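Novice: According to this note's numbering, the sequence shown holds residues 1246 to 1706 in order.
Note that beta-carbon positions come from the ideal geometry of N, C-alpha and C, so glycine has one too.
All of these numbers come straight from a predicted model, not from anything done at the bench.
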Amino acid sequence: MAAGARVFWCIRKEGTVLLHDFLHLKAPGHWINDPNGFIYYKGRYHLFYQHFPYLPRWGTMHWGHAVSDDLVHWEHRGIALYPSKAYDRNGVFSGSAVEVDGALYLYYTAIRYDEENPDNIHRALDNRFKASQALVISPDGVTFDNLDAKRQVLPVPAAPEAGDPQNTRDPKVWRAADGSFRMVLGSTREGVGQLLFYRSADGLTWTCAGRFGDPALGTTLECPDLFCLDGRWVLLGSPMGITADGLQYPDQSTWMPVDFDETTCRFALQGAPAMVDWGLDLYAPQTTLDEAGRRVLIGWMRMPRPVEEAADGRAPWRGMMSLPRLVEWRDGQLYFPVHPHVTACFTQPAEGLAPLAEHKPVRLQGTLRSGQTWNVGGYRLWMEDGCLCTDRSAVFDGLPGYRLTARTPALGQDTCDLDIFVTDHLVEIFLGGGRYVLSHVVFGLDGTLEGDFNTVTTVRA
Ligand code: FRU
């Protein structure tokens, strides 16, 4: 696979045009949201994503598909899942992947609008729709038969105990220790976020195994991800409506330690929720195991407007994936350090170069001290009240309604070790080896780099 700092077109022998992305998987044109079906399968990473292929805004959902050898060079493979049945004619919502006897099982939420908006059939009239859960079986991760290999596995909930008929979605499926299957769904009941648990012996026939509701799950819990890391269970999810300050993105992604019995599906919260990313643009992250068995996370970076002019000639695009991050327990906390495949790319000292002005990815490492302000292309960082604080007002095009400043919780110290990755539209700050991560979408970074950096590196040309 070709490497490089920039996206480019690659003409395959038979003449097919393939789009590649480096570091961040971006919309191949038009709209991208959640990562879906993230899996290391038959020696390659597969990352599917929520995609509206006609405009850079949300509409009838498809699953786009990209593959990678290393989580940093991504090759777009076109659309894998699309509406084809009465039950999913209005959208193939988020879900996950598992390998079963060499085949790839893709679980997703199938959407059927009560009524289409006559002026835009890609939206529901009055936002009313029904959700069921469905599966596509791919024999190889290359072919996806949306007609004959697609089936509904759970119907639209018919009673409140079975879930909300509209807001029950985003199946995360995994193999239990004994090889049988578990599924967790996000749902809502009387305005309180819920988790629904299902069990299956074969991945095809499912029975309900329990439910759990708590205000910590927001009004609806989107994209739940439940996994056992070093013997301790973690719930990752995107509870809706947890920041209520009138700004965009009231929905955020959190993690919490939980108690979960995989046999009975008995579930309890064990601690307070914490943010996955303190920049508040990251949403709907999904995890899988990498080639070394490490838990790795990728999240959707929400973009308030499209990027109109792409160097590689792609259509206006909106939305991209974060850098891959590991998920690790340290000192009773989850850390999210950048994946080593990312750091391995930054081998070129950038002293004397102007990587930002040349639109090259740059990595900045150093210790930020109280009283200093660093300037990364117009994006500012400083410490205040023991917290890392950032401000993107100069590089956000004056877009109204979005958070421009962000801060981590208090660190209990007046310095912080930072590892910052910057590309044209994204600044990702890893603090204290991943203790906190703070990422921001940006527009129009200038070439300035001012700060007490120990090391400035870029990728090989
Ligand atoms: C989260 C989400 C999911 C849903 C999908 C629809 O961003 O709302 O809950 O499945 O996006 O695109």
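(1) Assuming contact is defined by CB atoms lying nearer than 8 angstroms, are Thr1702 and Phe1591 in contact in what I supplied?
(2) Is Tyr1528 near ligand 1, in the sense that its beta carbon is under 7 angstroms from a heavy atom of that ligand?
(3) Going along the chain, which residues of its own chain have a beta-carbon closer than 7 angstroms to the beta-carbon of Met1246, five neighbours each way excluded?
(4) Report yes if the C-beta of Phe1338 is less than 7 angstroms from at least one heavy atom of ligand 1; otherwise report no.
(5) For Ser1638, name the three-state secondary structure that DSSP assigns.
(6) Can you grab the Cα-Cα spacing for the pair Ala1311 / Gly1616, in whole Å?
(7) Within its chain, find whatever has a CB closer than 6 angstroms to the CB of Leu1441; leave out the 5 residues flanking it on each side and keep chain order.
(8) Taking DSSP's pairing of strands, which residues face Met1628 in a bridge?
(9) Where does Asp1697 fall in DSSP's three states?
(10) Pop quiz: Leu1492 and Val1503 are said to be a contact at Cβ under 8 angstroms. What is the actual Cβ separation, rounded to whole angstroms?
(11) Between which two residues does the alpha helix (DSSP H) carrying His1586 extend?
(12) Once DSSP output is grouped into helix, strand and coil, what is the label at Asp1576?
(13) Is the beta carbon of Thr1433 within less than 7 angstroms of some heavy atom of ligand 1?
(14) Need the endpoints of the beta strand (DSSP E) that Phe1442 sits in, please.
(15) Consider the C-beta atom of Gln1295 and the heavy atoms of ligand 1; say whether any pair is separated by less than 7 angstroms.
(16) Is the closest heavy atom of ligand 1 to the C-beta of Arg1357 under 7 angstroms?
(17) For the segment 1345-1371, list the beta strand (DSSP E) runs that are entirely contained and at least 3 residues long, ordered along the chain.
(18) Roughly how many whole angstroms lie between the Cα atoms of Glu1361 and Ala1379?
(19) Distance, Cα to Cα, Arg1539 vs Asp1359?
(20) Quick one: what's got a C-beta closer than 8 angstroms to Gln1658's C-beta in the same chain, skipping five residues either side?
(21) Is it buried or exposed, Lys1287, if we count other Cβ atoms within 10 angstroms and call 16 or more buried?
(22) Quickly, what does DSSP pair Glu1467 with across the bridge? List them, please.
(23) Helix, strand or coil for Arg1251 per DSSP?
(24) Determine whether the beta carbon atoms of Ile1665 and Leu1609 lie at a separation below 8 angstroms.
(25) May I ask you to report which of helix, strand or coil DSSP gives Tyr1294?
(26) Let me know the beta strand (DSSP E) ranges lying completely inside the segment 1392-1420, each 3 residues or longer, listed in chain order.
(27) For the beta strand (DSSP E) containing Phe1389, list its first residue and its last residue.
Specialist: In short:
(1) yes
(2) yes
(3) At Met1246 the pLDDT is 31, less than 50, meaning the model places this residue with poor confidence; the figure from the coordinates comes in the next sentence. Answer for Met1246: Asp1314, His1318, Glu1320, listed in chain order.
(4) yes
(5) helix
(6) 44 angstroms
(7) Gly1408, Leu1430, Ser1432, Arg1456
(8) Leu1633
(9) coil
(10) No, Leu1492 and Val1503 are not in contact; Cβ-Cβ is about 29 angstroms, not under 8 angstroms.
(11) 1585-1588
(12) coil
(13) no
(14) 1437-1445
(15) yes
(16) no
(17) 1348-1358, 1365-1369
(18) 21 angstroms
(19) 42 angstroms
(20) Gly1631
(21) exposed
(22) Ser1483
(23) With a pLDDT of only 41 at Arg1251, under 50, the local geometry of the prediction cannot be trusted, and no value is derived from it.
(24) yes
(25) strand
(26) 1395-1399, 1414-1420
(27) Element bounds for Phe1389: n/a, residue is neither H nor E.
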